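Novice: In the working numbering, the protein residues as written are 10 to 181.
Sharing a structure here in C-alpha coordinates format.
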(Lines of atoms letter the chains of each structure in order from A and count residues from 1; the text may use other names and numbers.)
(Lines give C-alpha, C1' and ligand atoms only; values in the text may rest on other atoms or scores of the structure.)
Protein backbone atom coordinates (compact mmCIF):
# COMPACT_ATOMS: atom_id res chain seq x y z
CA UNK A 1 0.00 0.00 0.00
CA UNK A 2 1.25 3.43 -0.89
CA UNK A 3 -0.32 6.42 0.86
CA UNK A 4 -1.17 9.54 -1.09
CA UNK A 5 1.02 12.61 -0.43
CA UNK A 6 -2.15 14.35 0.73
CA UNK A 7 -2.22 12.05 3.80
CA UNK A 8 0.91 13.67 5.25
CA UNK A 9 -0.45 17.09 4.33
CA UNK A 10 -3.79 16.29 5.99
CA UNK A 11 -2.01 15.17 9.16
CA UNK A 12 -0.09 18.47 9.21
CA UNK A 13 -3.31 20.46 8.69
CA UNK A 14 -5.07 18.65 11.51
CA UNK A 15 -2.03 19.07 13.79
CA UNK A 16 -1.85 22.80 13.00
CA UNK A 17 -5.54 23.12 13.78
CA UNK A 18 -5.11 21.02 16.92
CA UNK A 19 -2.78 23.70 18.26
CA UNK A 20 -4.76 26.61 16.85
CA UNK A 21 -7.02 28.48 19.29
CA UNK A 22 -10.47 26.99 18.56
CA UNK A 23 -12.06 30.44 18.60
CA UNK A 24 -9.85 31.71 15.76
CA UNK A 25 -10.11 30.06 12.31
CA UNK A 26 -6.79 29.58 10.55
CA UNK A 27 -6.77 31.29 7.16
CA UNK A 28 -6.51 28.84 4.26
CA UNK A 29 -3.93 30.92 2.40
CA UNK A 30 -1.56 30.77 5.37
CA UNK A 31 -1.98 27.01 5.71
CA UNK A 32 -1.34 26.50 1.98
CA UNK A 33 1.77 28.68 2.11
CA UNK A 34 3.10 26.84 5.15
CA UNK A 35 2.55 23.46 3.47
CA UNK A 36 3.97 24.70 0.17
CA UNK A 37 0.84 23.79 -1.80
CA UNK A 38 -1.71 25.73 -3.80
CA UNK A 39 -4.90 26.93 -2.17
CA UNK A 40 -6.92 24.89 -4.67
CA UNK A 41 -5.08 21.70 -3.65
CA UNK A 42 -5.54 22.61 0.02
CA UNK A 43 -9.25 23.00 -0.67
CA UNK A 44 -9.43 19.41 -1.96
CA UNK A 45 -7.76 18.07 1.17
CA UNK A 46 -9.95 20.20 3.43
CA UNK A 47 -13.07 18.95 1.60
CA UNK A 48 -12.09 15.35 2.37
CA UNK A 49 -11.41 16.21 6.00
CA UNK A 50 -14.71 18.10 6.19
CA UNK A 51 -16.52 15.12 4.67
CA UNK A 52 -15.19 13.05 7.57
CA UNK A 53 -16.35 15.71 10.08
CA UNK A 54 -12.79 16.51 11.16
CA UNK A 55 -12.65 20.14 10.02
CA UNK A 56 -15.00 22.81 8.77
CA UNK A 57 -14.51 26.06 6.96
CA UNK A 58 -15.73 29.39 8.26
CA UNK A 59 -16.45 32.00 5.61
CA UNK A 60 -15.88 35.72 5.88
CA UNK A 61 -13.00 38.13 6.30
CA UNK A 62 -11.82 36.44 9.50
CA UNK A 63 -12.73 32.97 8.25
CA UNK A 64 -10.61 29.94 7.64
CA UNK A 65 -10.39 26.35 8.81
CA UNK A 66 -11.19 24.97 12.28
CA UNK A 67 -11.44 21.52 13.84
CA UNK A 68 -14.96 20.24 14.36
CA UNK A 69 -13.93 17.89 17.18
CA UNK A 70 -11.62 17.89 20.13
CA UNK A 71 -8.13 16.63 19.11
CA UNK A 72 -8.49 13.96 21.83
CA UNK A 73 -11.33 12.48 19.76
CA UNK A 74 -9.65 12.50 16.35
CA UNK A 75 -7.49 9.45 15.67
CA UNK A 76 -4.86 8.95 13.01
CA UNK A 77 -7.27 6.38 11.55
CA UNK A 78 -9.91 9.10 11.16
CA UNK A 79 -7.49 11.19 9.09
CA UNK A 80 -6.26 8.15 7.16
CA UNK A 81 -9.81 7.10 6.25
CA UNK A 82 -10.73 10.67 5.27
CA UNK A 83 -7.90 10.81 2.72
CA UNK A 84 -7.35 7.20 1.67
CA UNK A 85 -10.89 5.92 2.13
CA UNK A 86 -12.05 3.06 4.29
CA UNK A 87 -11.98 0.40 1.57
CA UNK A 88 -9.74 -2.62 2.03
CA UNK A 89 -6.18 -2.62 0.71
CA UNK A 90 -6.61 -5.81 -1.29
CA UNK A 91 -9.76 -7.40 -2.62
CA UNK A 92 -10.44 -11.10 -3.11
CA UNK A 93 -11.50 -11.43 -6.74
CA UNK A 94 -11.55 -15.23 -6.71
CA UNK A 95 -8.42 -15.39 -8.87
CA UNK A 96 -6.49 -17.66 -6.47
CA UNK A 97 -9.32 -20.16 -6.40
CA UNK A 98 -9.74 -19.99 -10.19
CA UNK A 99 -6.01 -20.34 -10.93
CA UNK A 100 -5.33 -23.16 -8.50
CA UNK A 101 -8.73 -24.88 -8.87
CA UNK A 102 -9.09 -25.87 -5.25
CA UNK A 103 -12.68 -26.81 -5.89
CA UNK A 104 -11.40 -29.47 -8.34
CA UNK A 105 -8.88 -31.12 -6.01
CA UNK A 106 -10.03 -34.69 -6.72
CA UNK A 107 -9.77 -34.28 -10.49
CA UNK A 108 -6.35 -32.63 -10.14
CA UNK A 109 -5.05 -35.43 -7.95
CA UNK A 110 -6.41 -38.06 -10.35
CA UNK A 111 -4.88 -36.36 -13.42
CA UNK A 112 -1.43 -36.40 -11.83
CA UNK A 113 -1.86 -39.63 -9.90
CA UNK A 114 -1.25 -37.89 -6.59
CA UNK A 115 -1.98 -39.81 -3.44
CA UNK A 116 -1.98 -36.77 -1.25
CA UNK A 117 -2.23 -32.98 -1.71
CA UNK A 118 -2.09 -31.06 1.55
CA UNK A 119 -0.43 -27.71 1.00
CA UNK A 120 -2.83 -25.91 -1.28
CA UNK A 121 -4.25 -23.78 1.56
CA UNK A 122 -1.19 -21.51 2.11
CA UNK A 123 -1.72 -20.08 -1.37
CA UNK A 124 -5.37 -19.37 -0.56
CA UNK A 125 -4.47 -17.91 2.83
CA UNK A 126 -2.19 -15.20 1.42
CA UNK A 127 -5.16 -12.86 1.11
CA UNK A 128 -6.10 -13.59 4.71
CA UNK A 129 -2.57 -12.56 5.78
CA UNK A 130 -3.02 -9.22 4.00
CA UNK A 131 -6.41 -8.83 5.67
CA UNK A 132 -4.93 -9.46 9.12
CA UNK A 133 -2.07 -7.04 8.43
CA UNK A 134 -4.54 -4.37 7.37
CA UNK A 135 -6.63 -4.95 10.51
CA UNK A 136 -3.54 -4.54 12.73
CA UNK A 137 -2.53 -1.41 10.76
CA UNK A 138 -5.96 0.14 11.30
CA UNK A 139 -6.01 -0.86 14.97
CA UNK A 140 -2.63 0.79 15.48
CA UNK A 141 -3.76 4.04 13.80
CA UNK A 142 -6.88 4.04 15.96
CA UNK A 143 -4.80 3.98 19.16
CA UNK A 144 -3.21 7.38 18.62
CA UNK A 145 -5.14 10.65 18.74
CA UNK A 146 -4.09 13.97 17.27
CA UNK A 147 -3.76 15.42 20.77
CA UNK A 148 -1.08 12.83 21.56
CA UNK A 149 1.18 14.07 18.76
CA UNK A 150 0.88 17.77 19.58
CA UNK A 151 3.53 19.75 21.48
CA UNK A 152 3.00 20.32 25.21
CA UNK A 153 4.01 23.30 27.30
CA UNK A 154 3.79 23.37 31.11
CA UNK A 155 2.03 19.97 31.04
CA UNK A 156 -0.74 21.41 28.86
CA UNK A 157 -1.33 21.01 25.12
CA UNK A 158 0.06 23.99 23.25
CA UNK A 159 -2.78 26.32 22.23
CA UNK A 160 -2.07 29.46 20.23
CA UNK A 161 -3.06 31.46 17.19
CA UNK A 162 -0.78 30.36 14.35
CA UNK A 163 -1.70 33.45 12.33
CA UNK A 164 0.93 35.67 13.94
CA UNK A 165 3.71 33.11 13.35
CA UNK A 166 2.67 32.20 9.81
CA UNK A 167 2.36 35.85 8.77
CA UNK A 168 5.80 36.53 10.26
CA UNK A 169 7.28 33.52 8.41
CA UNK A 170 5.76 34.47 5.05
CA UNK A 171 7.32 37.97 5.17
CA UNK A 172 10.85 36.65 5.71
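Here a beta-carbon is modelled for each residue, glycine too, at the ideal position from N, C-alpha and C.
Just so we're clear, the structure is a prediction, and the values are computed from it rather than from any experiment.
What residue does the alpha helix (DSSP H) around residue 73 start on, and which one ends it?
Specialist: No alpha helix (DSSP H) holds residue 73; the beta strand (DSSP E) holding it covers 73-76.
Novice: Alpha carbon to alpha carbon, how far is residue 11 from residue 24? Give it in angstroms, no decimals.
Specialist: 22 Å
Novice: In this structure, does DSSP put residue 184 in helix, strand or coil?
Specialist: Any question about residue 184 goes unanswered here, given that the chain covers just 10 to 181.
Novice: If we ignore side chains and look at the alpha-carbon of each, how far apart do residue 161 and residue 139 end up?
Specialist: 37 Å
Novice: According to DSSP, simplified to helix, strand and coil, what is residue 161?
Specialist: strand
Novice: What are the boundary residues of the alpha helix (DSSP H) that includes residue 13?
Specialist: Taken as a continuous stretch (DSSP letters only), residue 13 belongs to no alpha helix (DSSP H), as it is neither H nor E.
Novice: Please tell me whether residue 169 and residue 28 are closer than 8 Å, where the distance is taken between their beta carbons.
Specialist: yes
Novice: By Cβ distance below 7 Å, which residues in the same chain neighbour residue 87 in space, the five residues on each side in sequence not counted?
Specialist: 61, 63
Novice: Can you name, in chain order, every residue of its own chain whose Cβ lies under 7 Å from the Cβ of residue 30, other than the five neighbours on each side?
Specialist: Correct list, in chain order: 168, 169, 170.
Novice: Could you tell me which residues DSSP puts in a beta bridge with residue 102?
Specialist: None, per the DSSP bridge assignment.
Novice: Starting from residue 64, follow its DSSP beta bridges and name the residues at the other end.
Specialist: 76
Novice: Run through DSSP, which three-state label would residue 154 get?
Specialist: strand
Novice: Suppose the cutoff is 7 Å on Cβ atoms and the five residues either side in sequence are ignored; what does the same chain contact list for residue 80 look like?
Specialist: 27, 154, 155, 156, 159
Novice: When we look at the beta-carbon of residue 18 and count the other beta-carbons within 10 Å, is it buried (16 or more) or exposed?
Specialist: buried
Novice: Quick one: measure Cβ to Cβ for residue 16 and residue 93, integer angstroms, because I've assumed they're closer than 8 Å.
Specialist: 6 Å
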